[in-house]
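Undergrad: Chains as they are written, first to last, in this note's numbering: chain A, 1140 to 1316; chain X, 794 to 974. For every residue, glycine included, the Cβ atom is placed at its ideal position computed from N, Cα and C. Here it is: the structure, laid out below.
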Amino acid sequence: MGKQLPRSRSIIHWLIAISVVFLFVSSWWMLSLPLPSENFTYRQLPFQLHKNIGITVLVFVFCMLAFKIFDKEPPVQSNKTRLQKLASLDHLLTYLLLVVSCISGYLSSSYSGWETTLWWLVDLPSWSEENDDLNVLFSNIHLWTCWALLAVVALHVSAALYHAFKNDGIVDKMFRL
Amino acid sequence: MSEVRDKKIDIKWIGVVAVLFGILLLANHGNELLKQLVITPLSAAELGIPADCRADELEEENISLLECRLMVANVQITLASSPDWFRPVMLLLASLGSLFAVLSVYVGISLFSHSKTKPLLVKICFGALLSTDLLMFIAASNTGPLLRAHYLSSILLWLFVHATLFSAVIVGLNREPKGID
């Protein structure tokens, strides 16, 4: 049976889940909006919101990692089953892909010359002048890490459903508010 | 001769499914809300301003000149086929839908963890989700063919998902001997 996690970790987990799904859905339709220009400003709000939520997700992920490091968790079993090893790998990949996709998205935006104002309050620094090559590079990294993230999230959700329907108590620690 | 099989509906399962669909629905309604806020009447596309398709932007986005022009046409389609009442109605329904989706995630987690949730709140939550879908379906079906093609199939899918969850909740809660406390 899984031990109950602190409420803060459970809440952050669900906030990340909601944000990531929102970001996927928004990215699919906002790229169909007209290219930005002086007259066509349709992309402004969705892109700013996408970046704001993405940066906030990154903060949440670092909070989760900090909680994981500083919370006293039971020692890891040395004789893990194949499924347990797969679950650990999936968790590791999820964190890694979340971090890389968020950072690459921010860098891509930064090199594209578009400024980012976090929640319309704080101007985030631009790392350099506009650079098309680096913009394309980070944009591609963002794209591919996001597709990979979708795959590991699908695996994560499938595993959660498997344990929930099996009723073995594994997912109980996350289902609390 | 009918025999009611006494197979128990596990309310925990409904909770898991409600959380999963609640998160997807929140993304769906949240993006619909954003779409309605962004695609506004009398904006550049509706005023007939030609698309600004710079070669470097096309290369960066990996799209053709035709696709760039059609992006503007896509906005024109949405605006041209929306009756005047459609945007405010969808803004209202998407806002309500987002709120109920958040509530369904909360209710789903409560059902799973068997924490104290009032059965009436659970019924109201899923009933509200079903009603929102129904109102959205009625709204979308009263627009032109272009918007109907865009909206109706996904709304219908949500309608069936929420009808299933609502029925499961009603049956599940009625069979729980001591409520869900």
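Report the option in Arg941/X, Leu945/X, Thr936/X whose CA atom is closest to the CA atom of Phe879/X.
TA: Here residue 879/X is taken as the residue at index 86 of the second sequence, counted from 1. When each option's Cα is compared against that of Phe879/X, the closest is Thr936/X.
Undergrad: Which residues, taken in chain order from the segment 864-880 of chain X, show a beta carbon closer than 8 Å to some beta carbon of chain A?
TA: Correct list: Met864, Val865, Asn867, Val868.
Undergrad: Near Tyr1245/A, which residues of its chain fall below 6 Å by C-beta distance, leaving aside the five closest residues on each side in sequence?
TA: On the first sequence, position 106 is the one that residue 1245/A refers to. For Tyr1245/A, where only same-chain residues beyond five positions count, there are no Cβ hits under 6 Å.
Undergrad: How about Leu1342/A and Lys1312/A: do their beta carbons lie closer than 7 Å?
TA: Outside the displayed range of chain A (1140 to 1316) lies residue 1342/A, so it cannot be described from this structure.
Undergrad: Does the separation of the CB atoms of Phe919/X and Val962/X fall below 7 Å?
TA: Taking the second sequence and counting its residues from 1, the one referred to as residue 919/X is at position 126. Taking the second sequence and counting its residues from 1, the one referred to as residue 962/X is at position 169. Taking 7 Å as the Cβ cut-off, Phe919/X and Val962/X qualify as a contacting pair.
Undergrad: Using 7 Å as the threshold, is the C-beta distance between Ser1248/A and Thr1256/A below it?
TA: In the first sequence, counting from the first residue as 1, residue 1248/A sits at position 109. In the first sequence, counting from the first residue as 1, residue 1256/A sits at position 117. Cβ atoms of Ser1248/A and Thr1256/A: not closer than 7 Å.
Undergrad: What do you get for Pro1185/A, buried or exposed, if any count of 16 or more other CB atoms within 10 angstroms of its CB means buried?
TA: As a first step, residue 1185/A must be located in the first sequence, where it is residue number 46. Flag for Pro1185/A reads buried.
Undergrad: Which same chain residues end up closer than 7 Å to Arg862/X when comparing Cβ atoms and leaving out the 5 residues on each side of it in sequence?
TA: Here residue 862/X refers to the residue found at position 69 when the second sequence is read from its first residue. Hits under 7 Å: Ala844, Cys846.
Undergrad: Can the beta-carbon of Leu1288/A be found closer than 7 Å to that of Leu1236/A?
TA: Position 149 of the first sequence holds residue 1288/A. Position 97 of the first sequence holds residue 1236/A. Contact: yes.
Undergrad: Am I right that Gly815/X and Gly890/X are in contact with their C-beta atoms under 8 Å? What's the rounded C-beta distance?
TA: For this step, residue 815/X is matched to residue 22 along the second sequence. For this step, residue 890/X is matched to residue 97 along the second sequence. Gly815/X to Gly890/X, Cβ: 11 Å. No contact.
Undergrad: With 16 other CB atoms within 10 Å as the buried threshold, where does Thr1220/A fall?
TA: As a working mapping, residue 1220/A is identified with position 81 in the first sequence. Under this definition Thr1220/A is an exposed residue.
Undergrad: With 7 Å set as the bound, which would you pick, yes or no: does the beta-carbon of Arg1148/A sit closer than that to a beta-carbon of chain D?
TA: Among the protein chains of the structure shown, namely A and X, there is no chain D.
Undergrad: Using the C-alpha atoms, what's the distance from Ala820/X back to Ala837/X?
TA: Taking the second sequence and counting its residues from 1, the one referred to as residue 837/X is at position 44. Taking the second sequence and counting its residues from 1, the one referred to as residue 820/X is at position 27. Cα to Cα, the separation comes out at about 27 Å.
Undergrad: DSSP puts Leu1257/A in a beta bridge; with which residues?
TA: Along the first sequence, one-based indexing puts residue 1257/A at 118. Leu1257/A pairs with Val1261/A.
Undergrad: Among Asp1262/A, His1302/A, Glu1268/A, whose alpha-carbon lies nearest the alpha-carbon of Gln1187/A?
TA: Counting from 1 along the first sequence, the entry for residue 1187/A is found at position 48. With distances taken between Cα atoms, Gln1187/A lies closest to Asp1262/A.
Undergrad: Do you know offhand how far Arg1315/A's Cα is from Tyr899/X's?
TA: Counted from its first residue, the first sequence places residue 1315/A at position 176. Counted from its first residue, the second sequence places residue 899/X at position 106. Rounded to whole angstroms, Arg1315/A to Tyr899/X spans 9 Å at the Cα level.
Undergrad: Verify the CB distance criterion: does Val954/X have a CB-CB separation below 7 Å to chain A?
TA: Residue 954/X sits at position 161 when you count from the first residue of the second sequence. No, its Cβ sits nowhere closer than 7 Å to a Cβ of chain A.
Undergrad: Helix, strand or coil for Pro938/X? Go by DSSP, reduced to three states.
TA: Here residue 938/X is taken as the residue at index 145 of the second sequence, counted from 1. Helix at Pro938/X.
Undergrad: Go ahead and label Gly823/X buried or exposed: buried means 16 or more other beta carbons lie within 10 angstroms of its beta carbon, across all protein chains shown.
TA: On the second sequence, residue 823/X is found 30 positions in, with the first residue counted as 1. The residue in question, Gly823/X, is buried, as its Cβ has 16 or more Cβ neighbours within 10 Å.
Undergrad: Give the C-beta separation of Leu945/X and Ser874/X to the nearest angstrom, bearing in mind that I take them to be a contact with Cβ-Cβ under 8 Å.
TA: Here residue 945/X refers to the residue found at position 152 when the second sequence is read from its first residue. Here residue 874/X refers to the residue found at position 81 when the second sequence is read from its first residue. Rounded, the Cβ-Cβ distance is 13 Å, inconsistent with contact.
Undergrad: Going by C-alpha distance, which of Ser934/X, Leu886/X, Gly841/X, Ile856/X is nearest Pro876/X?
TA: Counting from 1 along the second sequence, the entry for residue 876/X is found at position 83. Residue Ser934/X is the option with its Cα nearest to Pro876/X.
Undergrad: Measure the Cβ-Cβ separation of Leu904/X and Ile804/X and say whether it is below 7 Å.
TA: Looking up residue 904/X in the second sequence gives position 111. Looking up residue 804/X in the second sequence gives position 11. Result yes, Cβ atoms of Leu904/X and Ile804/X sit closer than 7 Å.
Undergrad: CA-CA distance, Leu1222/A and Val915/X?
TA: Within the first sequence, residue 1222/A is the residue found at index 83, counting from 1. Within the second sequence, residue 915/X is the residue found at index 122, counting from 1. Their Cα atoms are separated by approximately 35 Å.
Undergrad: Just by C-beta distance, which residues in the segment 1162-1179 of chain A are closer than 9 Å to chain X?
TA: Against chain X - using a Cβ distance shorter than 9 Å - the residues of the segment 1162-1179 of chain A are Leu1162, Phe1163, Val1164, Ser1165, Trp1167, Trp1168, Met1169, Leu1170, Ser1171, Leu1172, Pro1173, Leu1174, Pro1175, Ser1176, Glu1177, Asn1178, Phe1179.
Undergrad: Compare the C-beta of Ile948/X with all C-beta atoms of chain A and state if any pair is closer than 7 Å.
TA: As a first step, residue 948/X is located in the second sequence; it is residue number 155 there, counting from the start. For Ile948/X, the answer is no, since every Cβ of chain A falls outside 7 Å of its Cβ.
Undergrad: Alpha carbon to alpha carbon, what distance is there between Ser1176/A and Ser1297/A?
TA: Position 158 of the first sequence, counting from 1, holds the residue named residue 1297/A. Position 37 of the first sequence, counting from 1, holds the residue named residue 1176/A. Computed Cα separation, rounded: 42 Å.
Undergrad: Considering Cα atoms alone, identify which of Leu966/X, Glu839/X, Val882/X is closest to Leu826/X.
TA: By 1-based counting over the second sequence, the position of residue 826/X is 33. It is Val882/X whose Cα lies nearest to the Cα of Leu826/X.
Undergrad: On a Cα-Cα basis, can you pick out the residue from Trp1258/A, Tyr1250/A, Ile1309/A, Leu1172/A that is closest to Val1196/A?
TA: Position 57 of the first sequence, counted from the first residue, corresponds to residue 1196/A. Of Trp1258/A, Tyr1250/A, Ile1309/A, Leu1172/A, the residue nearest in Cα terms is Trp1258/A.
Undergrad: Kindly indicate which residue of His907/X, Leu949/X, Leu923/X has the alpha-carbon position closest to the one of Leu966/X.
TA: For the purposes of this step, residue 966/X is identified with residue 173 of the second sequence, where counting begins at 1. It is His907/X.
Undergrad: In angstroms, rounded to a whole number, what distance separates the CA positions of Ala894/X and Leu1231/A?
TA: Along the second sequence, read from residue 1 onward, the residue named residue 894/X stands at position 101. Along the first sequence, read from residue 1 onward, the residue named residue 1231/A stands at position 92. Cα-Cα distance, rounded: 29 Å.
Undergrad: CA-CA distance, Ile1309/A and Ile1194/A?
TA: For this step, residue 1309/A is matched to residue 170 along the first sequence. For this step, residue 1194/A is matched to residue 55 along the first sequence. If I take the Cα positions, the gap works out to 30 Å.
Undergrad: Going by beta-carbon coordinates alone, are Ser1080/A and Cys1285/A separated by less than 7 Å?
TA: What the structure shows of chain A is the stretch from 1140 to 1316, and residue 1080/A is not part of that stretch, so it cannot be assessed.
Undergrad: Tell me which residues share the same chain as Ala887/X and place their Cβ nearer than 7 Å to its Cβ, disregarding the 5 neighbours each side in the sequence.
TA: The residue given as residue 887/X occupies position 94 in the second sequence. Excluding positions up to five away in sequence, the list reads His822, Glu825, Leu826, Gln829.
Undergrad: If you draw a straight line from the C-alpha of Tyr1250/A to the C-alpha of Val1292/A, how long is it?
TA: For the purposes of this step, residue 1250/A is taken as the residue at position 111 of the first sequence. For the purposes of this step, residue 1292/A is taken as the residue at position 153 of the first sequence. Spanning the two alpha carbons is a distance of roughly 28 Å.
Undergrad: Suppose you measure from the CA of Pro1173/A to the CA of Ile832/X; what does that come to, to the nearest Å?
TA: Residue 1173/A sits at position 34 when you count from the first residue of the first sequence. Residue 832/X sits at position 39 when you count from the first residue of the second sequence. Using only the alpha carbons, I get a separation of about 11 Å.
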